[in-house]
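Quick notes on the structure that follows.
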Amino acid sequence: MSNILRICKILWVFRSFNLADFTGTNSPFFIKFIIFLLSILNGNKYKHFSKEKRLRIALENLGPLFVKFGQLLSTRRDILYDELADELAFLQDKVKPFSGEIAVSIIEKSFKQKLDNLFSEFSLTPIASASVAQVHLAKLKKNNNAVAVKVLRPNVLQNIERDLKLLYLFAEIIKVFVPGSKRLRPIEVVSEFDTYLHDEVDLLYEAGNASKIKRNFAKSSILKIPEMVWELCSSEVIVMERVDGIPINQIDLLKKSNIDLVQLSHDGVEIFFHPSI
3 MSNILRICKI
13 LWVFRSFNLA
23 DFTGTNSPFF
33 IKFIIFLLSI
43 LNGNKYKHFS
53 KEKRLRIALE
63 NLGPLFVKFG
73 QLLSTRRDIL
83 YDELADELAF
93 LQDKVKPFSG
103 EIAVSIIEKS
113 FKQKLDNLFS
123 EFSLTPIASA
133 SVAQVHLAKL
143 KKNNNAVAVK
153 VLRPNVLQNI
163 ERDLKLLYLF
173 AEIIKVFVPG
183 SKRLRPIEVV
193 SEFDTYLHDE
203 VDLLYEAGNA
213 SKIKRNFAKS
223 SILKIPEMVW
233 ELCSSEVIVM
243 ERVDGIPINQ
253 IDLLKKSNID
263 LVQLSHDGVE
273 IFFHPSI
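Numbering (the working numbering), first residue to last: 3 to 279.
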């Protein structure tokens, strides 16, 4: 029953944001019929937005699994046109945030202490917000060091597991009813996505990986990994040294900062192919 309700919600959002623009004229009849029925009940109140923006907001509304899917798509400029890739790129760190007050309650519950006992300063407004977590700037109470505080979204694991059940169901249907789908291994693909997502929602696992890479690159001058504040790390919250920088995809800003893009590319390749990565 829960799967049926979730499918109805997905279809409702699909119609609300008029995502039929992405289905094309060759879509199956039953999809067109469902969209027609929904259009009777729900007008297109987002018609003043571009179809790319409507898709991005729809993915946000559907939850973390769909946001993660949009994030992955945004990196595939080989299969997406520029306007769509640029819009989906907002899902990397500009997803609608949850309130700073909720973040505070998660932090206090995680460490069983009041926020004032942990931080001398804490910004309630996050500097970045993505599919599974958001980041707040703060200063440690004990030494006033500047840190970044990453807080897991409320109920993110339950939401992801709910939608993964649906993906497994779709994968089973595809395997049975779509000719030639066995070579695509739909169930195995969903299983890999499942493992990846569960690693993403365990922030302690992320902190451990970051520390491991930091040790492996301890003598390197081309990679900086923030130091973890281990006494303030849990599965829902991690606190790390604040490191300022320029996102690697902001080419114009890198050029204005006189960054050698050729050398940066070489460094990136060297890091990517390092045995510890």
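Backbone N, C-alpha and C fix where the C-beta goes; we use that ideal spot for every residue, glycine too.
Since the structure is predicted, the reported quantities are computational estimates derived from the model, not experimental observations.
How close, in whole Å, do the beta carbons of L75 and L64 come, if the pair is a contact with beta carbons under 8 Å?
Their Cβ separation, rounded to whole angstroms, is 14 Å, which puts L75 and L64 out of contact at 8 Å.
Check whether the segment 181-195 and the segment 124-139 touch, using three or more Cβ-Cβ pairs below 8 Å as the test.
No contact exists between the segment 181-195 and the segment 124-139.
Cβ of L67 within 9 Å of Cβ of N161?
Yes, these two residues count as a Cβ contact at 9 Å.
Proximity to P188 [Cα-Cα], best of L168, H276, L86:
L168
I224 and I215 - do their beta-carbons sit closer together than 9 Å?
no
Considering only residues of the same chain and omitting the five flanking positions on each side of D204, which have a CB-CB separation below 8 Å?
S237
For L142, list the residues DSSP reports as bridge partners.
F121
Can you list, in chain order, the residues of its chain whose CB lies under 8 Å from that of C235, leaving out five sequence neighbours each side?
L205, L206, A209, V241
Which of the three DSSP states is assigned to Q73 in this structure?
helix
If I follow the unbroken alpha helix (DSSP H) through V271, where does it start and stop?
263-274
Between the alpha carbons of F172 and K143, how many angstroms are there, rounded?
49 Å
Using a Cβ-Cβ cut-off of 9 Å, state whether S52 counts as contacting chain D.
Of the chains in the structure shown, none is chain D; there is only one protein chain.
Among residues of its own chain, excluding the 5 on either side of K55, which ones have a beta-carbon nearer than 7 Å to its beta-carbon?
If we look at K55 and ignore the five residues flanking it on each side, its Cβ neighbours are E89.
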